[in-house]
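Asks:
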Amino acid sequence: MDEKINEFKDIIEKSNNIVFFGGAGVSTESGIPDFRSKDGLYNQKYDYPPEEILSHTFFMNNTKEFYRFYKEKLNALEYEPNITHKKLAELEEAGKVKAVITQNIDGLHQKAGSKNVFELHGSIHRNYCMKCHKCFDAKYVFENDFEDNIPLCDKCGGVIKPDVVLYEEGLDDNVVGGAIKAIMDADVLIIGGTSLTVYPASGLIRYYRGDKLVLINRDATSFDSMANLVINMPLGKVFGEIY
Ligand SMILES: [Zn+2]
Numbered sequence: 005m006d007e008k009i010n011e012f013k014d015i016i017e018k019s020n021n022i023v024f025f026g027g028a029g030v031s032t033e034s035g036i037p038d039f040r041s042k043d044g045l046y047n048q049k050y051d052y053p054p055e056e057i058l059s060h061t062f063f064m065n066n067t068k069e070f071y072r073f074y075k076e077k078l079n080a081l082e083y084e085p086n087i088t089h090k091k092l093a094e095l096e097e098a099g100k101v102k103a104v105i106t107q108n109i110d111g112l113h114q115k116a117g118s119k120n121v122f123e124l125h126g127s128i129h130r131n132y133c134m135k136c137h138k139c140f141d142a143k144y145v146f147e148n149d150f151e152d153n154i155p156l157c158d159k160c161g162g163v164i165k166p167d168v169v170l171y172e173e174g175l176d177d178n179v180v181g182g183a184i185k186a187i188m189d190a191d192v193l194i195i196g197g198t199s200l201t202v203y204p205a206s207g208l209i210r211y212y213r214g215d216k217l218v219l220i221n222r223d224a225t226s227f228d229s230m231a232n233l234v235i236n237m238p239l240g241k242v243f244g245e246i247y
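Numbering (our numbering), first residue to last: 5 to 247.
1. Curious, which full-length alpha helix (DSSP H) runs of at least 4 residues does the stretch 169 to 243 contain?
2. With a cut-off of 5 Å, give the chain-ordered residues whose Cβ is closer than this to any heavy atom of ligand 1.
3. Once the 5 residues before and after Ala116 are set aside, which same chain residues still bring their CB inside 6 Å of it?
4. Hey, quick one: how far does the beta strand (DSSP E) through Glu151 stretch, first residue to last?
5. Leaving out five residues before and five after Ile128 in sequence, what residues of the same chain have Cβ atoms less than 7 Å from its Cβ?
6. Would you be able to state if there are at least three C-beta pairs under 8 Å between the stretch 197 to 207 and the stretch 23 to 32?
7. Would you say Leu239 and Ala231 are within 8 Å of each other, going by their C-beta atoms?
8. Kindly confirm or deny that the stretch 178 to 197 and the stretch 153 to 160 touch, where touching means at least three C-beta pairs closer than 8 Å.
9. By the 10 Å Cβ neighbour count, where 16 or more other Cβ atoms means buried, how is His137 classified, buried or exposed?
10. Mind checking whether Leu175 and Leu58 have CB atoms under 8 Å apart?
11. Considering only their Cβ atoms, is the gap separating Asp191 from Gly214 smaller than 8 Å?
12. If I measure Cβ to Cβ from Glu11 and keep anything under 8 Å in the same chain, skipping five residues before and after, which residues do I get?
13. On the DSSP letters alone, give me the boundaries of the beta strand (DSSP E) that Asn131 sits inside.
14. In this structure, what does DSSP give as the bridge partners for Leu156?
15. Enumerate in chain order the residues of its own chain whose CB-to-CB distance from Lys135 is below 8 Å, with the five nearest sequence positions on each side excluded.
16. Shortest alpha-carbon distance to Tyr267 belongs to which of Val104, Ile87 and Glu151?
17. Terminal residues of the continuous alpha helix (DSSP H) containing Ile246?
18. Would you decide whether Tyr74 is buried or exposed? Buried here means 16 or more other CB atoms lie within 10 Å of its CB.
19. Assuming Ile87 is part of the alpha helix (DSSP H), what are its boundary residues?
20. Checking the sheet assignment: what are the DSSP bridge partners for Ala103?
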């Protein structure tokens with residue numbers, strides 16, 4: 005394993021055009037639980053599976069129940085960036101990392117200082133009124149008590165919707181386009197904390213044209229044979245070795 009870490013460090017050292025693509029594993033190391041996980045209490049608390057609650061139809065038809073789940077399961081305001089978030093921000097500051105592409109909606113990359121972040125699934129930090137389009141931060145949504153528990157616009161009383169991509173909804177074209185361009189232009193592509201089974205991760209990798217594809221994941225993935233370097237270790241351990 006040390007040999008692989010050394011190879012990783014060498015790749016980072018020699019490149020000034022690195023793109024990082026991260027999945028849920030980046031955030032779980034900050035203690036953020038996967039919202040899909042169903043503990044013993046889950047079925048007592050919710051009558052529907054998470055994938056159904058976090059769908060567009062459900063949001064429109066059962067807004068109150070949507071927000072009960074959303075406010076309990078997706079509030080990431082109390083969590084802090086971990087070593088991976090921090091190192092990526094440092095590497096961007098140093099001119100080495102050009103973009104971070106993430107499937108997470110918690111905003112921890114920005115909290116760590118990353119600037120060029122493509123959030124494929126949106127962010128809990130952006131919310132808007134469906135009627136007048138006024139924008140609200142996450143604090144407004146998570147920390148205010150609303151009648152019926154549904155966050156309402158303080159200007160027009162309209163229902164607020166998080167700028168999070170729900171099931172049945174398409175990804176933002178500008179975000180996807182920016183991510184694809186970053187990947188196409190990248191010299192090094194590091195993929196971490198994802199098994200690459202979730203759309204669109206598997207599709208986006210196809211755009212990479214370089215010969216330094218690094219996969220960091222606890223377990224093997226079906227893309228391992230495509231990669232130039234595979235490290236089966238926790239992300240934090242690997243990024244903790246840089247510098
Ligand atoms: Zn409004």
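The C-beta atom is built at its ideal place from N, Cα and C for all residues, glycine as well. Remember, it's a predicted structure, so these values are computed and weren't measured experimentally.
Replies: With the structure as the only source:
1. 177 to 189, 205 to 209 and 239 to 243
2. Cys133, Lys135, Cys136, Lys138, Cys157, Lys159, Cys160 and Gly162
3. Within the sequence shown, the letter at position 112 stands for residue 116. Pro85, His89, Lys90 and Ala93, listed in sequence order.
4. If you number the sequence shown from 1, residue 151 lands on position 147. Note, Glu151: premise wrong, no beta strand (DSSP E); not H, not E.
5. By one-based count along the sequence shown, residue 128 stands at place 124. Close CB contacts of Ile128 within its chain, under the 7 Å cut and outside five residues either way in sequence, are with Leu78, Ala80, Ile109, Asp110, Gly111, Ala142, Pro166 and Val168 (chain order).
6. yes
7. For this step, residue 239 is matched to residue 235 along the sequence shown. For this step, residue 231 is matched to residue 227 along the sequence shown. No, the Cβ-Cβ distance between Leu239 and Ala231 is not below 8 Å.
8. no
9. Here residue 137 refers to the residue found at position 133 when the sequence shown is read from its first residue. Per the 10 Å Cβ criterion, exposed.
10. The residue given as residue 175 occupies position 171 in the sequence shown. The residue given as residue 58 occupies position 54 in the sequence shown. Taking 8 Å as the Cβ cut-off, Leu175 and Leu58 do not qualify as a contacting pair.
11. On the sequence shown, residue 214 is found 210 positions in, with the first residue counted as 1. On the sequence shown, residue 191 is found 187 positions in, with the first residue counted as 1. A contact, by the Cβ cut-off of 8 Å.
12. For the purposes of this step, residue 11 is taken as the residue at position 7 of the sequence shown. Leu233, listed in sequence order.
13. Stepping through the sequence shown from its first residue, residue 131 is reached at position 127. Unbroken beta strand (DSSP E) run through Asn131: Gly126 to Cys133.
14. The sequence position of residue 156 within the sequence shown is 152, counting from 1. Answer by DSSP bridge pairing, in chain order: Val163.
15. As a first step, residue 135 is located in the sequence shown; it is residue number 131 there, counting from the start. Excluding residues within five positions, the ones whose Cβ falls inside 8 Å are Cys157, Cys160, Gly161, Gly162 and Val163.
16. Here the chain covers residues 5 to 247 and nothing more, so residue 267 does not appear.
17. Stepping through the sequence shown from its first residue, residue 246 is reached at position 242. Per DSSP, Ile246 belongs to no alpha helix (DSSP H) and is neither H nor E.
18. Translated into positions along the sequence shown, residue 74 becomes position 70. Buried: at least 16 other Cβ atoms inside 10 Å.
19. Position 83 of the sequence shown holds residue 87. That run of the alpha helix (DSSP H) goes Ile87 to Glu97.
20. Start at 1 with the first residue of the sequence shown, and residue 103 comes out as number 99. Paired residues: Val23.
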